[in-house]
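Data first, discussion second: the structure below is written as structure tokens.
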Amino acid sequence: MSEASALLSSNDVEDGNNYPKPKKKITMDEMLEKYCGDFGWWQLRHLVLTSLAWMLEGIHTMVMIFADREPVWCCSTSHCGSSLCDLEPGSWEWSGGTGSSTMSEFGLICGDKFKVGLVQSIFFAGCMIGAGVVGHLSDSKLGRKGSLAMVCILNAIFGILTAFSSNYWTYALLRFLSGFSAGGTGLCAFVLGTEPIGQSWRGVAGMSTFYFFSIGIATVSAIAYFFQSWRSLYIASSIPSLIFVISVLPFLHESPRWCLVRGKVDEAMKIMQKIATSNGKQRIPNGVVLALDSEVNDDNNNITDLTPTSIAMLEPYTKEALNGSILDVLRFPITRIRLILAAGSNFFCSVVYYGLSLNAVNLGTNLYLNVALNAIAEMPAYFLTALVLDRLGRKPLGVGTMWFSGIFCLAGSLMKGEGAWKVVRMVCGVLGIFGMAGTYNLLFVYSMELFPTVVRNAALGCATQAIHMGAILAPIIVVLGGGIPFLVFGICGIAGGFLVLYLPETLNRPLYDTMEGLQEAEAKPAMVA
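According to the working numbering, the residues represented by the sequence shown are 817 to 1345, in order.
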């Protein structure tokens, strides 16, 4: 049924004449606030189920820390040195055998050690490309749910195939493909989970999704502890994606905002009615219709005084799918500037976040424990940022967390990697990742609120591409070793904070549907002035 049909439903015709009752058009945020509930049981269940996909992304991303690690080695002769490169072939061996990691099996030592960082960068290059492609597909015909289903299936397939790599370059290719699918997983899950949530709860709910990413990192640390072979590790870490596709995806709904923008008004209304019913609200009145913000802003909000002639003219109200792309974001100055600033701040955040995570191999402490501690350190950051998000606002919190992390990274660069100083440097790294974890999920919420629905996933996809560009650089910085990584991470944290300073505050602002709606809303203060 088109909107025109809905407007002229026989149930809505006034008694004694053939003229329909007026229809009130309202935005998605207004309907959630007045009739469905900003955040009830339906949204909570939907958010938890979709956020499980973040756990999958954490697993597929951080599995490289263990699969590509340098195993323990020992001398097989009495003449032993401190470096493998100083020893004769056959005078040493890997303690756990050659199959414990890709480094030992593919001989990525001495002159070929750079290939460890290279394959990790290749993975993030796949993430960067995948985020852009999946972001576009999610905004267009596939939708949020369809795109999420696609990337989760690909995650499982490519992850299992990686375990059967016969050589380094096959391994690198399959890691690229894994990155392609993993790059869009969290993006789709985040937008699908938060779009049906009302304005008053959207920030806190969005921040809570990243708990699952940290749980995924801690989970892969536990999986790696029990599956010491890198091949069995990749198979074991791919199974959760299969479980998600089979047991979780069937219970997810498509985003009603995407349905509305794509012209599927009836489907959007059905989902909104399910939300209202599950949240214990009364049925949405027949006289209320969902509409895009650009339509609601029109002076002809109520359709009244209809004659047979004007009824025939109602057909243009039948919704046509609105399409948006990254070109539309760049075409408008307001979104173009926002995209540049959001991409830049996400880039610097990523360099620090992934750099500190991967730098665990350089700290000389227990790898499994260190990765788990980093994951646990992120959770208080999520809680504290969510606690003050709606009090301080997005901008002050973003600047503060980035500078907090940057300061501790700079402090870590001054510490020696020996004795007690090694522990102090590890503490600086944990505090650095604590601050940047708060920034990482804050920027997702912030970036989502900066752009309208019609281009939201395309813009978020571009910001996610910037995240993966930073992640591509991070392994290369980590390979440098010593205090240099901490110095670079500190500079990036400070620089990112300065970029966030120039972004507009989005606290208590609605999620706009169209570019026109955003422009009209931003123009109002200037008109009043």
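Just so it is clear, CB atoms sit at the ideal spot from N, CA and C, and this is done for glycine as well.
Computed from a predicted structure; not experimentally measured.
Roughly how many angstroms separate the alpha carbons of residue i and residue j, rounded to a whole number?
i: Ala-1193; j: Gly-1160; result: 25 Å
i: Gly-1277; j: Gly-951; result: 5 Å
i: Pro-1012; j: His-1284; result: 27 Å
i: Leu-1143; j: Met-847; result: 30 Å
i: Phe-1067; j: His-862; result: 8 Å
i: His-876; j: Leu-990; result: 12 Å
i: Ile-945; j: Arg-1099; result: 43 Å
i: Ala-996; j: Ile-842; result: The sequence given here places Phe at residue 996; Ala does not occur at that position. Approximately 38 Å, taken between the alpha carbons.
i: Ile-1347; j: Met-966; result: Residue numbering for the chain in the displayed model covers 817 to 1345; residue 1347 lies beyond these limits and cannot be assessed.
i: Lys-1080; j: Pro-1101; result: 19 Å
i: Ile-1156; j: Phe-922; result: 40 Å
i: Val-1168; j: Gly-1309; result: 7 Å
i: Arg-1154; j: Phe-1164; result: 16 Å
i: Gly-962; j: Asp-955; result: 11 Å
i: Gly-1297; j: Gly-856; result: 48 Å
i: Leu-1203; j: Trp-1017; result: 12 Å
i: Ala-1197; j: Gly-942; result: 28 Å
i: Phe-1250; j: Phe-1305; result: 13 Å
i: Asn-1182; j: Val-1036; result: 15 Å
i: Ala-998; j: Gly-1103; result: 43 Å
i: Lys-840; j: Glu-1321; result: 30 Å
i: Met-1231; j: Ile-1223; result: 13 Å
i: Arg-1147; j: Ala-1279; result: 17 Å
i: Val-932; j: Val-888; result: 16 Å
i: Met-1218; j: Phe-882; result: 27 Å
i: Ser-1221; j: Ala-1311; result: 11 Å
In this structure, how does DSSP classify residue i when only helix, strand and coil are distinguished?
i: Glu-886; result: coil
i: Lys-931; result: helix
i: Val-1240; result: helix
i: Lys-841; result: strand
i: Leu-958; result: coil
i: Glu-1083; result: helix
i: Val-1348; result: This structure cannot speak to residue 1348, because the chain is shown only from 817 to 1345.
i: Glu-849; result: helix
i: Glu-1336; result: helix
i: Leu-1226; result: helix
i: Glu-909; result: strand
i: Leu-1106; result: strand
Do residue i and residue j have their C-beta atoms closer together than 8 Å?
i: Ala-972; j: Ser-1057; result: yes
i: Gly-1009; j: Thr-1025; result: yes
i: Gly-959; j: Trp-1074; result: yes
i: Leu-1247; j: Leu-1303; result: no
i: Asp-1329; j: Val-1007; result: no
i: Gly-1333; j: Pro-1268; result: yes
i: Met-844; j: Leu-1065; result: no
i: Arg-1241; j: Gly-1228; result: yes
i: Met-1023; j: Val-1261; result: yes
i: Lys-1097; j: Tyr-1256; result: no
i: Trp-1046; j: Thr-914; result: no
i: Tyr-1050; j: Val-1239; result: no
i: Ile-1293; j: Phe-940; result: no
i: Ala-1005; j: Ala-869; result: yes
i: Pro-1326; j: Gln-1015; result: yes
i: Phe-1351; j: Ile-938; result: Residue coverage of the chain in this structure runs from 817 to 1345, which leaves residue 1351 outside it and unanswerable.
i: Gln-1281; j: Gly-948; result: yes
i: Pro-1291; j: Gln-936; result: yes
i: Leu-872; j: Gly-1032; result: yes
i: Gly-1209; j: Leu-1323; result: yes
i: Thr-1201; j: Leu-1259; result: no
Could you check if residue i is buried or exposed, using at least 16 other CB atoms within 10 Å of its CB as the buried criterion?
i: Arg-1152; result: exposed
i: Leu-1185; result: exposed
i: Ser-1053; result: buried
i: Lys-957; result: exposed
i: Phe-930; result: exposed
i: Tyr-1318; result: exposed
i: Phe-1028; result: buried
i: Glu-1338; result: exposed
i: Ser-1173; result: buried
i: Phe-1199; result: exposed
i: Cys-1244; result: buried
i: Glu-909; result: exposed
i: Arg-885; result: buried
i: Asn-983; result: exposed
i: Pro-1072; result: buried
i: Ala-1236; result: exposed
Against chain D, does residue i count as a neighbour if the rule is that its beta carbon must be under 8 Å from one of theirs?
i: Leu-868; result: Given the protein chain composition of this structure (a single chain), no chain D is represented.
Segments of 4+ residues assigned as alpha helix (DSSP H) that fall wholly inside the region 1267-1298 | Within the region 1267-1298, the complete alpha helix (DSSP H) runs of at least 4 residues fall at 1269-1296.
With a floor of 4 residues, list each alpha helix (DSSP H) that falls wholly inside the region 952-1005, ordered by position along the chain.
-> 959-978 and 984-998
Inside the region 1154-1227 only - alpha helix (DSSP H) runs reaching at least 4 residues | 1183-1208, all fully within the region 1154-1227.
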